[in-house]
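Under full-length UniProt numbering, the first residue of the sequence shown is numbered 1, with each subsequent residue one higher. For reference, the structure discussed in these notes is given below.
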Amino acid sequence: MRRARSSAAAKPREQKRPGASAAPAAIASAAAASRARRPAGQARGGSRAAARQSAAKRRPRQSSPRAQEASPGEPPPELAPLPPPPPPPATPASSADLGEQRERWETFQKRQRLTFEGAAKLLLDTFEYQGLVKHTGGCHCGAVRFEVWASADLHIFDCNCSICKKKQNRHFIVPASRFKLLKGAESITTYTFNTHKAQHTFCKRCGVQSFYTPRSNPGGFGIAPHCLDEGTVRSVVIEEFNGSDWEKAMKEHKTIKNMSKE
């Protein structure tokens, strides 16, 4: 009797062991079924994307040639600015409306060895200032240089006013249009007094007054003949002007007030 009960009691325990071993097997089979149901393309796409990301991490980053030229820690060099446009070409004689005079004009240019502008300037100077010559001059140190169109026969005024007497200001008068300052504007200073109409200009460096603006002709220039370069003056006539009694002398003089007019 005892042996039968122990055999019967052992049976339930023997039945539980197969159930316990079946659970891991069921889980493994379910995972296999899930992998079987997943689309093949999805599995392959995921693996390819992962491969690309891994390759990108391993691949070294390339920089541009300009960035490679710059040294570490320095900004890349800036592009050079574009060069300015070239100046327009001078007007050739062929484009000017010279009519039947074109051949004569071109022959004149070649003979004088002048550009179109140079030939035009020569003719304008010759006929606009007919009977005049071009004088050049300046101060002692050379900082101030000018040119002036006037007669080769100069009419000089010798004024005896308070300042002209002290600096021996002998001068001839020309319209402002016939005077051209070639250089030295920054080297010129001006002294005025009394009415301040006369502009006594002189060089800052050497102190020489080679020209000035006279009170008698504020629209012109008074040029010092002794400051002209040699070779253009033919003769000189000197007239004394009583500047010490300036108002009376201006009323009595017939031509001085008009010498700066064209």
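The beta-carbon is built from N, C-alpha and C at its ideal position, and this holds for glycine as well.
Answer yes or no: do residue i and residue j have a C-beta to C-beta separation smaller than 9 Å?
i, j, result
"I156", "P225", "yes"
"C206", "A143", "yes"
"K121", "P175", "no"
"I256", "S216", "yes"
"D153", "E240", "no"
"T232", "H135", "yes"
"V208", "C139", "yes"
"F146", "K197", "no"
"K165", "G243", "yes"
Name the two residues that bound the continuous alpha helix (DSSP H) containing residue i.
i, result
"L122", "F116 to E128"
"C159", "Per DSSP, C159 belongs to no alpha helix (DSSP H); it is in the beta strand (DSSP E), D153 to C159."
"C203", "Element bounds for C203: not the alpha helix (DSSP H) but the beta strand (DSSP E), H200 to C203."
By Cβ distance below 7 Å, which residues in the same chain neighbour residue i in space, the five residues on each side in sequence not counted?
i, result
"L132", "W149, A150 and S151"
"M1", "For M1, the pLDDT reaches just 43, beneath the cut-off of 50, and the residue's location in the model is therefore unreliable, leaving the point undetermined."
"L98", "W105"
"G220", "I173, V174, P175, A176, M259 and S260"
"A249", "F241, N242 and G243"
"L182", "R145, F146 and E147"
"residue 313", "Past the boundaries of the shown model lies residue 313; the chain is included only from 1 to 262, so the question cannot be answered."
Residue i bridges to which residues according to DSSP?
i, result
"E106", "Its beta-bridge partners do not exist; DSSP assigns none."
"K251", "K251 is not bridged to any residue."
Could you pull the start and end residues of the beta strand (DSSP E) that residue i belongs to?
i, result
"Q239", "Here the sequence assigns Glu to residue 239, which means Gln is not the residue at that position. Element bounds for E239: S235 to F241."
"A150", "R145 to A150"
"K167", "From DSSP, K167 is part of no beta strand (DSSP E) but of the alpha helix (DSSP H) over S162 to K167."
Only counting the same chain, and skipping five residues up and downstream in sequence, which positions put a Cβ closer than 6 Å to that of residue i?
i, result
"K251", "none"
"Q109", "A119"
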